[in-house]
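Trainee: What follows is a structure written as C-alpha coordinates; I'll ask about it next.
Residue numbers (this note's numbering): -13 to 59.
In C-alpha coordinates:
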(Lines of atoms letter the chains of each structure in order from A and count residues from 1; the text may use other names and numbers.)
(Lines give C-alpha, C1' and ligand atoms only; values in the text may rest on other atoms or scores of the structure.)
Protein backbone atom coordinates (compact mmCIF):
# COMPACT_ATOMS: atom_id res chain seq x y z
CA UNK A 1 0.00 0.00 0.00
CA UNK A 2 1.31 3.44 -0.93
CA UNK A 3 1.74 5.88 1.95
CA UNK A 4 -0.40 9.01 1.79
CA UNK A 5 1.05 12.40 2.53
CA UNK A 6 -0.43 15.59 3.89
CA UNK A 7 1.46 18.88 3.80
CA UNK A 8 0.51 21.27 6.63
CA UNK A 9 1.97 24.76 6.87
CA UNK A 10 1.69 27.21 9.76
CA UNK A 11 2.50 30.92 9.54
CA UNK A 12 2.35 33.74 12.08
CA UNK A 13 1.21 36.17 9.41
CA UNK A 14 0.91 39.41 11.47
CA UNK A 15 -1.91 40.82 9.26
CA UNK A 16 -3.24 38.58 6.51
CA UNK A 17 -4.66 41.43 4.42
CA UNK A 18 -1.32 43.25 4.37
CA UNK A 19 0.54 40.08 3.36
CA UNK A 20 -1.96 38.48 1.00
CA UNK A 21 0.36 38.88 -2.03
CA UNK A 22 3.05 36.92 -0.13
CA UNK A 23 0.50 34.30 0.90
CA UNK A 24 -0.64 33.87 -2.71
CA UNK A 25 2.94 33.51 -3.93
CA UNK A 26 3.69 30.98 -1.20
CA UNK A 27 0.57 28.91 -1.91
CA UNK A 28 1.29 28.82 -5.64
CA UNK A 29 4.88 27.70 -5.13
CA UNK A 30 4.50 25.28 -2.19
CA UNK A 31 0.88 24.12 -2.53
CA UNK A 32 0.28 22.95 1.05
CA UNK A 33 -2.82 20.85 1.66
CA UNK A 34 -3.59 22.80 4.85
CA UNK A 35 -2.59 26.36 5.72
CA UNK A 36 -2.83 27.54 9.34
CA UNK A 37 -2.50 31.28 9.94
CA UNK A 38 -2.05 33.02 13.28
CA UNK A 39 -2.30 36.75 14.08
CA UNK A 40 -4.54 37.43 11.08
CA UNK A 41 -5.53 40.76 12.68
CA UNK A 42 -8.81 41.27 10.86
CA UNK A 43 -12.49 40.74 11.53
CA UNK A 44 -14.10 37.71 9.94
CA UNK A 45 -15.99 39.89 7.44
CA UNK A 46 -12.69 41.47 6.29
CA UNK A 47 -10.81 38.20 5.80
CA UNK A 48 -9.64 37.76 2.15
CA UNK A 49 -11.81 34.69 1.62
CA UNK A 50 -12.30 35.26 -2.13
CA UNK A 51 -8.53 35.46 -2.70
CA UNK A 52 -8.00 32.08 -1.03
CA UNK A 53 -10.95 30.53 -2.87
CA UNK A 54 -9.42 31.71 -6.16
CA UNK A 55 -6.22 29.88 -5.19
CA UNK A 56 -8.14 26.62 -4.69
CA UNK A 57 -8.61 26.74 -0.91
CA UNK A 58 -12.37 26.39 -0.55
CA UNK A 59 -12.77 25.13 3.02
CA UNK A 60 -11.77 27.87 5.43
CA UNK A 61 -12.43 28.33 9.15
CA UNK A 62 -11.67 31.75 10.65
CA UNK A 63 -11.96 33.60 13.93
CA UNK A 64 -10.64 37.14 13.95
CA UNK A 65 -10.65 40.48 15.69
CA UNK A 66 -9.56 43.83 14.34
CA UNK A 67 -6.02 44.82 15.23
CA UNK A 68 -4.95 41.74 17.17
CA UNK A 69 -5.23 37.99 17.44
CA UNK A 70 -7.11 35.98 14.85
CA UNK A 71 -6.60 32.54 13.36
CA UNK A 72 -7.51 30.80 10.11
CA UNK A 73 -7.27 27.20 8.87
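Ideal Cβ placement from N, Cα and C applies to all residues, glycine included. Since the model is a prediction, treat every value here as computed from it, not as a measurement.
Give the secondary structure of residue 45 by DSSP, where H, G and I count as helix, E and B as strand, and everything else as coil.
Mentor: It is coil, neither helix nor strand.
Trainee: Would you kindly work out how many angstroms separate the C-alpha atoms of residue 10 and residue -9, rounded to a whole number?
Mentor: Approximately 22 Å, taken between the alpha carbons.
Trainee: Do residue 18 and residue -7 have their beta-carbon atoms positioned less than 9 Å apart in this structure?
Mentor: Against a cut-off of 9 Å, the Cβ pair of residue 18 and residue -7 comes out as a contact.
Trainee: Which complete beta strand (DSSP E) runs does the stretch 13 to 41 hold, if anything under 3 residues is left out?
Mentor: DSSP runs (the beta strand (DSSP E)) wholly in the stretch 13 to 41: 20 to 24.
Trainee: Under the rule that 16 or more other beta-carbon atoms within 10 Å means buried, what is residue 52, buried or exposed?
Mentor: The residue is exposed, with fewer than 16 neighbouring Cβ atoms inside 10 Å.
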